[in-house]
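Protein sequences appear in the order of chains A and B.
Our numbering puts the first residue of the first sequence at 1430, with every later residue one more than the last.
Our numbering puts the first residue of the second sequence at 33, with every later residue one more than the last.
Ideal Cβ placement from N, Cα and C applies to all residues, glycine included.
Only a predicted model underlies this, so the values are computations on that prediction, with no experimental measurement involved.
Everything on this sheet refers to the single structure shown next.
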Amino acid sequence: MGSFPATRHSVVAGIASANLEIRRVAFDALVSAYWRPVYKYVRIKWRADRDDAADLTQEFFSRAFEKGSLGRFDPARARFRTFLRVCLDGFVANEHKAASRIKRGGGVSFVPLDFAAAEREMGTLPIGSGLTDAALAPSADDDALFRQEWVRALFADAVTALRESCAATGKLAQFEVFQRYDLDNGDDARPTYAQLGTELGIPTTQVTNHLAFARRELRRFVLERLRNVCATDDEFRLEARELLGMEPG
Amino acid sequence: MSGLSDAAIRRLRDAADAPDLSGTKYEIIERVGQGGMGTVYRARDRELARDVALKVIRLPEMSHDVASRMLREARTLAQLEHPGIVPVHDVGTLGDGRAFYAMKLVRGSPLDALPASPLIERLAIVERICEAVAFAHAHGVIHRDLKPQNVMVGPFGEVLVMDWGVAKLTAAPKSLGVDAAVVVADGISPTTGHGVVLGTPGYMAPEQATGDHHLIDARADVYAIGGILRDLVRCTGDHTDTPDSGKSARAPSRPLQAIIDRAMAAQPEHRYADVMALSRDVAALRAGEPVTAYRETVFERVRRFAVRHSTPILLVLAYLIMRVAFLAIVGR
C-alpha cells in the first residue's frame, strides 16, 4: 500500500486557472471543503449571528471567486489553510468597517450550503438558541480553531464518502463494523472484536477484516480530500503527517 | 454526515492511521504511545489471550530505512534476553506493508513520571539500568538514547530499558546471532551515516551530538545514565540523599555530585570506563561506602565511619559513660 495517493493538480491550483470552467469546478470543490470551517469560524471568532455568518460565508467565497484573491496564494509563505483563514479575517474585518452587507451573497453561487446543518453540528447548543458567550469567546489561537473545524469537516466528508462507497459496492457490512467500532462510541469503552462479532453474527476474523478494509478506505478518502486542498506535495505531506501521524492536539 | 464530536474525530484519526491487522492474531485496543519511528499500541493476542505492546511503523514514515531500523531493533531486542530489557515476542509485516513487532506490554511508569521516592530507591533503579545496559554492551549493542522516558519501572519494581531503535551495533554483531552479511543485505547498516545526530539533548554525550558515530562507544551510554542520575537526584521524595547524609536532595552530597560529574564528563576518557564501574560507585554510595569518583577528607571519612557504625559507637560510648560514672560514685 502506498503512503500517499498519486500527486495531481489540486483544487488550489485550479482556483488560479485562467480557464473559467476549471476555476469554477475548483471553487466548487474548495467551497465544499471549507464552507463549514469558515461558517463556524465566523460564528465563534467574529461572534456573528447565524444570518450574518451565513451571509459572510457566501460573500467571502463569492468575492474570492470574482476577484481571484485566493489564486494569489504563495505556497512558500504559508499553508493554504492558514492563507485562507487570514483572507477570511481580512474580509470580515473590512465588512465590519464598510457595513455594506446589502449585496452579500449576490452574483456567484456555488454548491448548496446547509447552514442549518452546520449550526446543528456546533455541538451542545440547543437548536434555535444563540451561542453562549463562553462558546463564542474568541480563541487564543485562531488558526487552531479554524484547523479544528477544518479537520471536522474533512473527516465528516470522508466518512460520508466511505458510507456511500460501501453502499454502492455492497459492503455495508464493513461499514457497519466500522461504525460500531470507530464511530459510535465517543468516549465510551469499545466492544472487543469478539463482542462485536457476536453482536453482528460474524466471526472475529471477519470483524478484523471488515475493520481493516473500512479503515483503509477511510484513509484513502481522507488523503484524497487532503490532497485536493493542499497546494504542494510538501504541504500535503506535512498536513497528512500532522493529521494522521500524531496524537490530536 | 452529521457533526462529529471531538472524541469521534480522535477515533477517526487513529482509525485512519491504524495498522491493518487482518490475517494476524492481534487486535488493537488502544494507542499508547509514539516513538521516533513507530506508534505503539496495546493489542490483544487472541491466540495466547494476553495483551502485548505492538510497535508499528507510522505510515508517513514508511521508508525502507525506517522499516529496516525497526526490524533491526526487533532483532537486537530478541537477542538480548535480560530481565531489564523488554522481550520481543513476534516480528513481521502487516497486510498494509508496515513492519511491526510485538513485545511484552510493560505496565508501570516511565522514570520521568515516577512518583516521588527516596533517593536510595532511585539509586537502586540506576543500578538496575546499569545492569541491563552493561549486558547489552557485552553483546555489542550501545543504546544511544537512554533517558528517563525510555526506562520503565513496573509494578513489582522491575526496571526495563526500552526503545532500542537507534542502538548502535559494534564490531561484533555475531555475538547477537545476527549475521553481518544478512544485516547489510537487508539494508541495515551496523553504523549510522556520518553527521546524522541520533539521541536526545540533555542525555546525549558531546561526541554523539557531533554526529561522529565512529567516536561513540559504551561511554556514551555512561554519559546518558549520568543524565538520568542527575534527574533522579532532583526528584526525590525525601531530604536524605545518602544513608549517611542529612543534606537536602536538592543539594546532592559531594560524592553523589562527583559520580554525576564523572559520568557526564565532556571527554569520554574522563568518564567511567564502563557502566558497571558507574554502577559500582552508585552501589557504594547506597551502602555508605567510599566512591571512586570522590576523594574524601579525613573529617569526611571519620564522619562517614561514625554515621555508618553509629550503633556500636553509641553503645561503646554509653558503656564508657556509665563506667566513668560508676567509678566516680564508688571513689567517693
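The beta carbon of B:D52 is closer than 6 Å to those of L126, G127 and D128 in its chain, skipping five residues each way along the sequence. DSSP places A:K1496 in the uninterrupted alpha helix (DSSP H) bounded by R1479 to K1496. Not one beta carbon of chain B lies nearer than 9 Å to the beta carbon of A:Q1624. Fewer than three pairs of CB atoms, one per stretch, sit closer than 8 Å, so the segment 97 to 105 of chain B makes no contact with the segment 136 to 152 of chain B. From the listed residues B:A256, B:A357 and B:K57, the smallest Cα separation to B:V307 is found for B:A256. Residue nearest to A:A1445 within the set A:A1482, A:K1496 and A:A1597 is A:K1496 (criterion: CA-CA distance). B:R76 is bridged by DSSP to B:E59 and B:D83. DSSP places B:Y255 in the uninterrupted alpha helix (DSSP H) bounded by A250 to R266. A straight-line Cα-Cα distance of about 55 Å links B:Q289 and A:L1647. Three or more beta-carbon pairs drawn from the segment 178 to 195 of chain B and the segment 108 to 119 of chain B are found closer than 8 Å, and the two stretches are therefore classed as touching. Chain A places no beta carbon closer than 9 Å to that of B:D77, leaving this residue out of the contacts. With contacts defined by Cβ atoms closer than 9 Å, B:A134 and B:K87 form a contacting pair. Fewer than three Cβ pairs drawn from the segment 74 to 86 of chain B and the segment 1666 to 1674 of chain A lie within less than 8 Å of each other, which leaves the two stretches out of contact.
Nearest C-alpha to A:F1604 among A:S1498, A:D1481 and A:A1641: A:A1641. 9 Å or more divides the Cβ of B:P300 from the Cβ of B:D263. Between B:R336 and B:G320, the gap from beta carbon to beta carbon is short of 9 Å. Any Cβ of chain A closer than 9 Å to the Cβ of B:I248 would place that residue at the interface, and such an atom is absent. Counting every other CB atom within 10 Å of its CB across the protein chains shown gives B:M194 a total of 16 or more, marking it as buried. In the three-state scheme derived from DSSP, where H, G and I count as helix and E and B as strand, A:Y1470 is classed as helix.
Between B:G197 and the set B:H169, B:L178 and B:V185, the nearest pair of CA atoms involves B:L178.
Within chain A, the residues whose beta carbon sits less than 7 Å from that of B:L53 are T1637 and A1641, listed in sequence order. In this structure, the CA atom of B:V165 is about 58 Å from the CA atom of A:A1455. In this structure, B:A50 sits near A:R1644, with a CB-CB distance shorter than 9 Å. Note on geometry: alpha-carbon atoms of B:V334 and B:H341 lie some 10 Å from one another.
Against chain A, a Cβ distance below 9 Å from B:D195 picks out nothing, because the smallest value is about 17 Å. When secondary structure is reduced to three states using DSSP, A:A1660 falls in the coil class, being assigned neither helix nor strand.
At a cut-off of 9 Å, the C-beta of B:L288 has no neighbouring C-beta in chain A. Annotation for A:S1439: R1656, N1657, V1658, C1659 and A1660 place their beta carbon closer than 7 Å to its own, counting only its chain and skipping 5 residues before and after. Residue state for B:K136 is assigned as strand, using DSSP reduced to three classes. Contact between B:V98 and B:A110 fails: their C-beta atoms lie close to 19 Å from each other, not under 8 Å.
In the DSSP assignment, B:H121 falls within the beta strand (DSSP E) that extends over V120 to T125. In the three-state reduction of the DSSP assignment, B:P51 falls in the coil class, being assigned neither a helical nor a strand state.
Of all residues in the segment 113 to 147 of chain B, the ones placed with a Cβ closer than 8 Å to any Cβ belonging to chain A are G127, D128 and G129, in chain order. Closer than 9 Å to the CB of A:L1601 there is not a single CB belonging to chain B. Take A:F1509, set aside five residues on each side of it, and the residues of its chain with a beta-carbon closer than 8 Å to its own are V1441, F1502, V1658, C1659, A1660 and E1664, in chain order. No Cβ of chain A is located within less than 9 Å of the beta carbon of B:E190.
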